[in-house]
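J.:
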Amino acid sequence: MMRFTRHIRIQLLPGVNRLRRLQPAAREPCSLLIGQTPPEMTKSKTNALCYMCDQAATTGEHVPPRSFFPKSKRVNLWKVPSCEDHNNDNKMDVEYVRGVIATQLGTNATAQRVLEVSMRSWDYRPALFKRTFHDLEPVLINGKESGAFSFDLPRVKSVMSAVARALAYRDFGRQFMGKWRVLCATLGSRKPTPGWDKVRDLLTQASYDPIPTPVPDVFEYGIHRTKPVGFIYRLVFYGGFVVFAWPVLAKRESGGV
Ligand SMILES: [Zn+2]
Numbered sequence: 164m165m166r167f168t169r170h171i172r173i174q175l176l177p178g179v180n181r182l183r184r185l186q187p188a189a190r191e192p193c194s195l196l197i198g199q200t201p202p203e204m205t206k207s208k209t210n211a212l213c214y215m216c217d218q219a220a221t222t223g224e225h226v227p228p229r230s231f232f233p234k235s236k237r238v239n240l241w242k243v244p245s246c247e248d249h250n251n252d253n254k255m256d257v258e259y260v261r262g263v264i265a266t267q268l269g270t271n272a273t274a275q276r277v278l279e280v281s282m283r284s285w286d287y288r289p290a291l292f293k294r295t296f297h298d299l300e301p302v303l304i305n306g307k308e309s310g311a312f313s314f315d316l317p318r319v320k321s322v323m324s325a326v327a328r329a330l331a332y333r334d335f336g337r338q339f340m341g342k343w344r345v346l347c348a349t350l351g352s353r354k355p356t357p358g359w360d361k362v363r364d365l366l367t368q369a370s371y372d373p374i375p376t377p378v379p380d381v382f383e384y385g386i387h388r389t390k391p392v393g394f395i396y397r398l399v400f401y402g403g404f405v406v407f408a409w410p411v412l413a414k415r416e417s418g419g420v
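Structure representation (structure tokens):
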């Protein structure tokens with residue numbers, strides 16, 4: 164089966180010097196709720212707010228999305244409190260993102276299984292396949308034939324922001340509804356943006372405390388604490404697709420982390 168490779172369109176994050184915060188710094192002991200059930204999850208549902216908005220939670224949203232997991236691995240998955248809207252509003256984006264991540268070289272055998280699901284879906288909907296890989300072109304990677312295509316980066320970032328918000332809700336027991344920065348480290352660019360490699364290197368070289376996840380071959384992640392407050396997540400999908408995400412904390416928010 165054809166596997167595609169590193170694609171291609173990236174955006175440099177605004178405010179590169181913001182990343183100076185990532186320089187190795189004294190590590191603070193982690194006094195948070197990392198890996199534990201946040202208080203909201205133990206209260207009655209009527210007390211919990213949605214992880215994405217101020218509506219009452221009436222359901223639970225999987226994090227990462229349930230469709231990222233092969234059917235045989237959908238056991239003990241994590242959920243966060245969610246309103247109906249935010250449990251359903253990004254299904255097409257999630258399907259898109261799952262499919263394009265699973266095509267990436269460097270991802271594992273579980274990605275291959277998930278890709279087969281996407282391939283079936285593309286078989287039924289050739290127009291969707293065409294749209295997804297509209298500019299696919301052959302490339303050689305280490306002498307082997309592969310392909311490259313452009314990601315719909317806003318969609319990827321939208322899904323990854325939601326995943327990161329849900330993780331933060333779970334880890335810290337409160338909402339992070341402000342803006343998040345998302346950087347897809349696995350992606351390449353047809354037109355490299357000055358500074359991109361440096362940003363990626365800074366993020367990659369930081370150390371991340373690993374947090375155990377239910378199905379690590381689908382999703383694992385770690386956290387890097389930054390000073391004076393704040394944190395960065397390193398998310399890894401299918402053992403090889405790496406995303407960094409961090410909240411841009413408003414002043415009023417910064418005291419609580
Ligand atoms: Zn909501």
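Under my numbering, the residue at position 157 of the sequence shown is numbered 320, and the numbers go up by one with no gaps. Yeah, the Cβ is synthetic: ideal placement off N, Cα and C, and Gly gets one too. Since we're looking at a predicted model, the values are computed, not measured.
Relative to ligand 1, what is the chain-ordered list of residues with a Cβ closer than 7 Å to any of its non-hydrogen atoms?
T.: With the cut-off at 7 Å, the residues found are Cys213, Met215, Cys216, Gln218, Ser245, Cys246, Asp248 and His249.
J.: Going by DSSP in three states, glycine 262 sits in which element: helix, strand or coil?
T.: Sequence index remark: in the sequence shown, residue 262 carries index 99 (1-based). If DSSP states are grouped into helix, strand and coil, glycine 262 belongs with the helices.
J.: I'd like the ranges of any alpha helix (DSSP H) spanning at least 4 consecutive residues and lying wholly in the region 226–305.
T.: Counting whole runs of 4 or more residues, the region 226–305 contains the alpha helix (DSSP H) stretches 247–251, 254–265, 272–287 and 289–295.
J.: In angstroms with no decimal places, state the Cα-to-Cα distance between alanine 311 and leucine 268.
T.: For this step, residue 311 is matched to residue 148 along the sequence shown. For this step, residue 268 is matched to residue 105 along the sequence shown. The straight-line gap from Cα to Cα measures roughly 10 Å.
J.: Just curious, the alpha helix (DSSP H) that leucine 346 is in, first and last residue?
T.: Taking the first residue of the sequence shown as position 1, residue 346 is located at position 183. No alpha helix (DSSP H) holds leucine 346; the beta strand (DSSP E) holding it covers 343–347.
J.: At the level of alpha carbons, what is the spacing between proline 375 and tyrosine 384?
T.: Position 212 of the sequence shown, counting from 1, holds the residue named residue 375. Position 221 of the sequence shown, counting from 1, holds the residue named residue 384. One C-alpha to the other measures close to 8 Å.
J.: For the alpha helix (DSSP H) containing alanine 327, list its first residue and its last residue.
T.: Reading the sequence shown from its first residue, position 164 is the one you call residue 327. Start and end: 316–335.
J.: So, is asparagine 305 buried or exposed, given that buried needs 16 or more other C-beta atoms within 10 angstroms?
T.: Taking the first residue of the sequence shown as 1, we reach residue 305 at position 142. Under this definition asparagine 305 is an exposed residue.
J.: On the DSSP letters alone, give me the boundaries of the alpha helix (DSSP H) that lysine 361 sits inside.
T.: The sequence position of residue 361 within the sequence shown is 198, counting from 1. From DSSP, the alpha helix (DSSP H) with lysine 361 extends over 359–368.
J.: How should valine 411 be labelled, buried or exposed, when 16 other C-beta atoms within 10 angstroms of its C-beta is the threshold for buried?
T.: Numbered from 1 along the sequence shown, position 248 holds the residue referred to as residue 411. So valine 411 ends up on the exposed side.
J.: Quick check on this structure: which residue in Gly223, Ala211, Val405 and Val302 has the alpha carbon closest to the alpha carbon of valine 319?
T.: Locating residue 319 in the sequence shown gives position 156, where the first residue counts as 1. Among Gly223, Ala211, Val405 and Val302, the Cα nearest to that of valine 319 is on Val405.
J.: Write down the C-beta distance between phenylalanine 382 and leucine 350 rounded to the nearest angstrom, noting that I regard them as a contact closer than 8 Å.
T.: Counting from 1 along the sequence shown, the entry for residue 382 is found at position 219. Counting from 1 along the sequence shown, the entry for residue 350 is found at position 187. No, phenylalanine 382 and leucine 350 are not in contact; Cβ-Cβ is about 18 Å, not under 8 Å.
J.: Grab the span of the beta strand (DSSP E) containing valine 405 for me, first residue to last.
T.: Along the sequence shown, read from residue 1 onward, the residue named residue 405 stands at position 242. Per DSSP, valine 405 belongs to the beta strand (DSSP E) from 404–410.
J.: If we ignore side chains and look at the alpha-carbon of each, how far apart do threonine 356 and alanine 348 end up?
T.: The residue labelled residue 356 in the question sits at position 193 within the sequence shown. The residue labelled residue 348 in the question sits at position 185 within the sequence shown. Approximately 13 Å, taken between the alpha carbons.
J.: Taking all protein chains shown into account, do 16 or more other C-beta atoms lie within 10 angstroms of the C-beta of proline 228, making it buried, or fewer, making it exposed?
T.: Taking the first residue of the sequence shown as position 1, residue 228 is located at position 65. Label assigned to proline 228: buried.
J.: Measuring CA to CA, which of Phe407, Trp241 and Tyr287 is closest to tyrosine 371?
T.: Here residue 371 corresponds to residue number 208 of the sequence shown, with the count starting at 1. Nearest option by C-alpha distance: Phe407.
J.: CA-CA distance, leucine 346 and tryptophan 359?
T.: To locate residue 346, count along the sequence shown from 1; it is residue 183. To locate residue 359, count along the sequence shown from 1; it is residue 196. Near 10 Å, if we compare the C-alpha coordinates of tryptophan 359 and leucine 346.
J.: By how many angstroms is the C-alpha of phenylalanine 296 removed from the C-alpha of tyrosine 396?
T.: Indexing the sequence shown from 1 puts residue 396 at position 233. Indexing the sequence shown from 1 puts residue 296 at position 133. Approximately 29 Å, taken between the alpha carbons.
J.: Can you tell me where the beta strand (DSSP E) with arginine 388 in it begins and where it stops?
T.: The residue given as residue 388 occupies position 225 in the sequence shown. 382–388 is the extent of the beta strand (DSSP E) around arginine 388.
J.: Note down the Cα distance separating valine 378 from threonine 266, rounded to an integer number of angstroms.
T.: Locating residue 378 in the sequence shown gives position 215, where the first residue counts as 1. Locating residue 266 in the sequence shown gives position 103, where the first residue counts as 1. So the two alpha carbons sit approximately 19 Å from each other.
J.: My understanding is that cysteine 246 touches alanine 274, with C-beta atoms under 8 Å, so please give their C-beta distance in whole angstroms.
T.: If you number the sequence shown from 1, residue 246 lands on position 83. If you number the sequence shown from 1, residue 274 lands on position 111. In fact, because the Cβ distance is near 31 Å, the residues do not count as touching under 8 Å.
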